[in-house]
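**Student:** Sharing a structure below in C-alpha cells format, with a few things to ask.
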Amino acid sequence: MVFTLSVNGDRLASTADPVTPLVDVLREEFHLTGAKPVCREGFCGACMVLVDGKPAPSCLMPVALAADCEIRTVEGLAGGGTLNPIQQALETCDAVQCGMCFPGMVVTLTHLLTTTSGATRDDIRAALTGNICRCTGYERIIDAAVLALAAT
Ligand code: FES
Ligand code: FES
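So this is what it looks like as C-alpha cells:
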C-alpha cells in the first residue's frame with residue numbers, strides 16, 4: 001500500500017507498513033533527519049513535528065494516521081535557508097549544547113511563537129513540558145524564547 005503524505009508543503013509517497021512510526025518514515029524514506037527517535041515513548045519530545053499545526057511526537061504516530069494530515073518538520077520551519085526567529089534567538093542566546101533535543105524544541109517554541117502573544121516565562125516552561133533537555137538547564141532556552149517573543 002502507498003501512503004501519500006503532505007510534508008513541509010510537498011506531497012511525498014511512502015510504501016512503509018501502515019504501523020511504521022512517522023519518525024522512521026520521515027528519516028528513512030524522506031531523509032528528513034531533524035526529528036530524532038530518542039525515547040520512542042512520547043516522553044522526550046526529540047521527535048516533535050507539527051501535525052495540522054500542533055506539536056506532536058512523531059514516534060507515536062503510525063504513518064497511516066499521518067496520511068490525512070499536514071506535517072511540518074524542523075526542516076520546514078526555516079525559509080529559504082534563513083533561520084526563523086526562534087532559531088535565531090537560540091543561536092543568539094548560545095542555548096544549544098549537544099543539540100539532540102533542539103529540533104523538537106524549535107518545533108514546540110515555533111508553535112508557541114506563532115499562536116501565543118505575551119507569553120511569560122511560566123508559559124514557555126509549560127509549553128516545554130513535553131521537551132526534555134539533558135544538557136542545558138533550560139534557562140538559556142527560555143531566554144531565547146523570551147527574546148524571540150519580544151521581537152514579534
Ligand atoms: S522519541 Fe518521540 S517523544 Fe521521545
Ligand atoms: S542540548 Fe543536549 S539534550 Fe538538549
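full-length UniProt numbering numbers the first residue of the sequence shown as 1 and each following residue consecutively.
We put the beta carbon where it would ideally sit given N, CA and C, even for glycine.
Going by the beta-carbon positions, is the gap between M48 and G137 smaller than 7 Å?
**Tutor:** Cβ distance not < 7 Å, so M48 and G137 don't count as in contact.
**Student:** Looking only at DSSP bridge pairs, what is G3 linked to?
**Tutor:** In the sequence on display, residue 3 carries Phe and not Gly. In DSSP, F3 forms a bridge with S14.
**Student:** I'd like to check one pair, L65 with A144: are the Cβ atoms closer than 7 Å?
**Tutor:** Cβ distance not < 7 Å, so A144 and L65 don't count as in contact.
**Student:** Ignore the nearest five residues each way along the sequence and tell me which others in A16's own chain have a CB closer than 6 Å to its CB.
**Tutor:** If we look at A16 and ignore the five residues flanking it on each side, its Cβ neighbours are V25 and V63.
**Student:** Anyone know if the C-beta pair for R121 and I142 falls short of 7 Å?
**Tutor:** Yes. Within cutoff.
**Student:** So, with DSSP's three-state summary, where would you put V19?
**Tutor:** Of the three classes helix, strand and coil, the one that applies to V19 here is coil, per DSSP.
**Student:** Whose C-beta lies closer than 8 Å to the C-beta of T108 among residues of the same chain, with five residues either side of it excluded?
**Tutor:** If we look at T108 and ignore the five residues flanking it on each side, its Cβ neighbours are G45, M48, P55, A127, L128, G130 and N131.
**Student:** Once the 5 residues before and after residue 153 are set aside, which same chain residues still bring their CB inside 7 Å of it?
**Tutor:** The structure shown has nothing for residue 153, since the chain only spans 1 to 152.
**Student:** Rank R125, G76 and N84 by C-alpha distance to the C-alpha of A35 and give the top, closest one.
**Tutor:** For A35, the nearest C-alpha among the options comes from G76.
**Student:** Go to P55, then tell me how far its beta strand (DSSP E) extends in each direction, as first and last residue.
**Tutor:** Its beta strand (DSSP E) spans residues K54 to P57.
**Student:** Between T116 and I86, is the Cβ-Cβ spacing less than 7 Å?
**Tutor:** Result no, Cβ atoms of T116 and I86 do not sit closer than 7 Å.
**Student:** By the 10 Å Cβ neighbour count, where 16 or more other Cβ atoms means buried, how is V19 classified, buried or exposed?
**Tutor:** Per the 10 Å Cβ criterion, exposed.
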